[in-house]
Amino acid sequence: MEDETREFLVRIINTIAIILLWMMLNVFFGIYKNYAFFDTAPNWKNYLFYVFSITSLVILVIHLRRKWKL
């Protein structure tokens, strides 16, 4: 396999792995730990979950844009 092709495939696999890891962490903390849901009113844990989720998404998008140079 050529070096450029191998680099491209490794970049694709790394991108998929990073996105899946981000999604699994959000599902684990959001659904399994019940931080994404609230009963009557959101508490500080819900706010903290959503802030970390949104900021980590922004950081992930910035990282992937730099990685793919878009």
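Straight run, no breaks: the sequence shown in the numbering used here ends on number 73. All residues carry an ideal CB built from backbone N, CA and C; glycine is no exception. Treat the numbers as computed from the prediction; the structure is a model and nothing was measured.
Contact belief for residue i with residue j at Cβ below 8 angstroms, rounded distance in angstroms
i: Phe55; j: Ala39; result: With 8 angstroms as the limit, Phe55 and Ala39 do not qualify as a contact, their Cβ atoms being about 12 angstroms apart.
i: Leu93; j: Ile21; result: Because the chain in this structure spans residues 4 to 73, residue 93 falls outside the shown range and cannot be described.
i: Thr18; j: Leu67; result: 6 angstroms
C-beta contact flag for residue i and residue j at 8 angstroms
i: Asn29; j: Phe41; result: no
Element boundaries [alpha helix (DSSP H), containing residue i]
i: Glu5; result: It is not in any alpha helix (DSSP H) - Glu5 carries neither H nor E in the DSSP assignment.
i: Asn49; result: 47-71
7 angstroms Cβ shell around residue i - same chain, five flanking residues per side excluded
i: Leu24; result: none
Nonlocal neighbours in the same chain, by C-beta distance under 6 angstroms from residue i, ignoring five residues either side
i: Met4; result: none
8 angstroms Cβ shell around residue i - same chain, five flanking residues per side excluded
i: Trp71; result: Arg14, Thr18
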